[in-house]
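Asker:
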Amino acid sequence: MATRAKPSAKTTTAPAAPPWTPSELIRILDDRYGRAPQQASAAPVFELLLTLLSQHTSDRNSGQAMHRLIERFPTWDAVLAAPVREVEDAIRPGGLAPTKSKRMQELLAEVKVRKPDWDLGFLRGMPLEDAKAWLTSLPGVGPKTAACVLLFALERPALPVDTHVERVSKRLGLVPLKMPADKAHAVLEATLEPDEVYAFHVDLIQHGRRTCHARGPKCDECPLEARCPKVGL
Ligand code: SF4
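Under numbering that gives the first Met the number 0, the first residue of the sequence shown is numbered 0, with each subsequent residue one higher.
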């Protein structure tokens, strides 16, 4: 008598749900958190320095440090010409002031050599990869800082991958868990249409801050739970 083969695990396991597409994520997270429209926030050099100041501290502290810097020094030339101790004193609320003040002056010195008028508006008209290469060839400027300048100051579709974007993307299975953040910039950016980049960045940050926390993510309240593979949790 013919025996019926036992169904294999393969045939009984439900297929994994496909990951959310960027446009689905944006729609769902916009619904949950709302989103301010994109607009150029500041001059490129301002954004460069603000991003440098934001390393290893909160937005509040870096914002305060930036405010004190531009209050104390009326021009970028004045920041560059000042004794480093004075710059250090101005940016103290941003933390790591001795290191950041030195880096800031090194960065400004190189920008001044290349663009004495401090106008980086020409990056708007360059092919995106060339604009990234120009910025990342400045001292201390990595892919995240370059993307912040391009996205926020120049409205170019470059994706900054900060700690929230990286964590949420990995948990959702959009990039491999072990992929370094520097590589994730290009991989994630390639999945997005240019007009999705700003929304994706802002929405994933909101989601990381408010729901998908580094420790204790609130999966039971998450609108993405149904198709989230929760990679690494
Ligand atoms: S279900 Fe959990 S791990 Fe997945 S995105 Fe939501 S909060 Fe993050």
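Each residue gets a CB set at the ideal place from its N, CA and C atoms; glycine is no exception. Bear in mind the structure is a predicted one, so any value in this text is a computation, not a measurement.
(1) Is the beta carbon of V186 closer than 8 Å to that of V233?
(2) Please report the distance separating the alpha-carbon of T20 from that of Y197.
(3) If you reduce the DSSP assignment to three classes, tell me which class I90 lands in.
(4) Quick one: what does DSSP say A1 is sitting in, helix, strand or coil?
(5) Given R71, which residues of its chain have a CB within under 7 Å of its CB, disregarding the five upstream and five downstream residues?
(6) Cβ atoms of K169 and G215: under 8 Å apart, would you say?
(7) Measure how close the beta-carbons of F258 and L158 come, nearest whole angstrom, since I'm counting them as under 8 Å.
(8) In angstroms with no decimal places, state the Cα-to-Cα distance between I204 and V44.
(9) What did DSSP end up calling Q54 once you bin it into helix, strand or coil?
(10) Could you name each continuous alpha helix (DSSP H) segment of 4 residues or more that falls completely within the stretch 28-85, going from the start of the chain to the end?
(11) Quick check: the stretch 89-108 against the stretch 65-79, are there 3 or more CB pairs under 8 Å?
(12) Just to confirm, does P18 get its C-beta within under 7 Å of one of the non-hydrogen atoms of the ligand SF4?
(13) I'd like to know whether the C-beta atoms of V160 and K143 end up nearer to each other than 8 Å.
(14) If the criterion is Cβ atoms closer than 8 Å, does the pair F151 and S40 meet it?
(15) Would you say the beta carbon of L223 is closer than 7 Å to some non-hydrogen atom of the ligand SF4?
(16) What are the start and end residues of the alpha helix (DSSP H) that includes A198?
(17) Check K131 in the structure and name its three-state DSSP category.
(18) For L28, which of P222, G93 and P115 has the nearest alpha-carbon?
(19) Looking only at its chain, what residues have a beta carbon closer than 8 Å to the beta carbon of G93, apart from the 5 residues adjacent to it on each side?
(20) Around the Cβ of E87, are there at least 16 other Cβ atoms within 10 angstroms (buried) or fewer (exposed)?
(21) For the ligand SF4, is there a heavy atom less than 7 Å away from the beta-carbon of R31?
Answerer: The short version:
(1) No information on residue 233 is available, as it lies outside the stretch 0 to 232 that the chain covers here.
(2) As a position in the sequence shown, residue 20 is number 21, starting the count at 1. As a position in the sequence shown, residue 197 is number 198, starting the count at 1. C-alpha of T20 to C-alpha of Y197: approximately 15 Å in a straight line.
(3) By 1-based counting over the sequence shown, the position of residue 90 is 91. DSSP, read as helix, strand or coil, puts I90 in coil.
(4) Sequence index remark: in the sequence shown, residue 1 carries index 2 (1-based). Confidence in A1 is poor, its pLDDT being 38 and thus under 50, which makes the residue's placement too unreliable to answer from.
(5) Here residue 71 corresponds to residue number 72 of the sequence shown, with the count starting at 1. Short of 7 Å from the beta carbon of R71, and not among the five residues preceding or following it, lie these beta carbons of its own chain, in chain order: A89.
(6) Sequence index remark: in the sequence shown, residue 215 carries index 216 (1-based). Sequence index remark: in the sequence shown, residue 169 carries index 170 (1-based). Between G215 and K169, the CB-CB gap reaches or exceeds 8 Å.
(7) Because residue 258 is not part of the residues shown, which for the chain are 0 to 232, the question remains open.
(8) Stepping through the sequence shown from its first residue, residue 204 is reached at position 205. Stepping through the sequence shown from its first residue, residue 44 is reached at position 45. Distance between the alpha carbons of I204 and V44 is about 23 Å.
(9) Taking the first residue of the sequence shown as 1, we reach residue 54 at position 55. DSSP places Q54 in the coil class of the three-state scheme, outside both helix and strand.
(10) Taken in chain order, the complete alpha helix (DSSP H) segments of 4 residues or longer contained in the stretch 28-85 are 43-52, 58-71 and 75-80.
(11) At 8 Å Cβ cutoff, the stretches touch.
(12) Indexing the sequence shown from 1 puts residue 18 at position 19. Checking the Cβ of P18 against the ligand SF4 gives no.
(13) Here the question's residue 160 lines up with position 161 in the sequence shown. Here the question's residue 143 lines up with position 144 in the sequence shown. Taking 8 Å as the Cβ cut-off, V160 and K143 qualify as a contacting pair.
(14) The sequence position of residue 151 within the sequence shown is 152, counting from 1. The sequence position of residue 40 within the sequence shown is 41, counting from 1. Note that the C-beta distance between F151 and S40 is below 8 Å.
(15) In the sequence shown, the residue the question calls residue 223 occupies position 224. Taking non-hydrogen atoms of the ligand SF4 into account, the C-beta of L223 is found less than 7 Å away from one of them.
(16) Position 199 of the sequence shown holds residue 198. Note, A198: alpha helix (DSSP H), V196 to R209.
(17) For the purposes of this step, residue 131 is identified with residue 132 of the sequence shown, where counting begins at 1. Under the three-state reduction of DSSP, K131 is assigned to helix.
(18) Residue 28 sits at position 29 when you count from the first residue of the sequence shown. Of the candidates P222, G93 and P115, the one whose C-alpha sits nearest the C-alpha of L28 is P222.
(19) Position 94 of the sequence shown, counting from 1, holds the residue named residue 93. For G93, where only same-chain residues beyond five positions count, the Cβ hits under 8 Å are L52, S53, T56, N60, S61, Q63, A64, M65 and K99.
(20) On the sequence shown, position 88 is the one that residue 87 refers to. It is buried - the Cβ of E87 has at least 16 other Cβ atoms within 10 Å.
(21) Start at 1 with the first residue of the sequence shown, and residue 31 comes out as number 32. Not one heavy atom of the ligand SF4 falls within 7 Å of the beta-carbon of R31.
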